[in-house]
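See below for the structure under consideration.
Numbering (this note's numbering), first residue to last: 83 to 303.
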């Protein structure tokens with residue numbers, strides 16, 4: 083049985099793609115660039131907002147990206163909960179895990195203030211051990227620093243930790259941190275990406291996570 087589950091946020095706990103895409107399109111249009119269909123953002127997100135903007139407008143200079151970033155955050159800070167919603171079964175999963183004494187945490191490439199706001203908005207009753215997002219002095223995933231920061235905040239043997247996410251970035255983060263990984267199929271990336279990234283387990287509904295985490299022999303480190 084695992085004692086700490088670290089979750090990715092976007093595409094894992096919450097479907098945030100429309101709010102992210104709307105914020106990016108707002109920033110692009112404000113600077114005179116063409117917006118993208120919201121469906122295109124599934125393959126742009128995952129590595130932080132700066133990388134999202136670089137992918138959305140690859141010809142933009144670093145200085146323009148800086149300006150786009152300001153406009154993105156201005157919009158997203160006001161609209162990050164407009165259309166975002168938990169995936170079916172996620173609130174119940176978090177409640178069940180905590181009821182069983184399993185600690186839960188968040189490790190995301192979303193910038194810190196937005197990560198805290200959105201998590202506490204949608205899951206106000208869940209006692210997260212840590213909610214850690216992108217900050218200036220910590221590399222983004224797949225660098226494992228954010229996992230180590232979670233473990234610093236909530237000391238746990240790595241053998242008792244599992245990282246849950248929807249992308250190859252998340253699976254690579256878990257691998258570099260030397261913890262087990264669970265890939266979820268309901269997020270922004272295809273199952274093939276999870277398989278290529280050597281996910282230890284791949285699940286199609288949150289209840290499967292509960293079974294894996296609370297079992298005594300299915301998630302061996």
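Glycine residues also receive a C-beta, built at the ideal position from the N, C-alpha and C atoms. None of these values were measured; they are calculated from a predicted model.
Contact between the stretch 136-150 and the stretch 166-183 is absent: fewer than three C-beta pairs spanning the two stretches fall below 8 Å. Between the alpha carbons of residue 112 and residue 132 lies a gap of roughly 17 Å.
Measuring C-alpha to C-alpha distances from residue 125 to each of 269, 278, 297, 296 identifies 269 as the nearest. Secondary structure at residue 118: coil, using DSSP grouped into helix, strand and coil.
Here the stretch 206-214 lies against the stretch 228-236, with 3 or more beta-carbon pairs under 8 Å apart.
For a cut-off of 8 Å, the C-beta gap from residue 204 to residue 226 is around 26 Å, too long to register as a contact. The alpha carbon of residue 249 has as its nearest neighbour, out of 144, 260, 242, 276, the alpha carbon of 276. When DSSP states are grouped into helix, strand and coil, residue 159 belongs to the helix group. Listed in chain order, the non-local C-beta contacts of residue 292 below 7 Å within the same chain comprise 175, 178, 179, local neighbours out to five positions each way being set aside.
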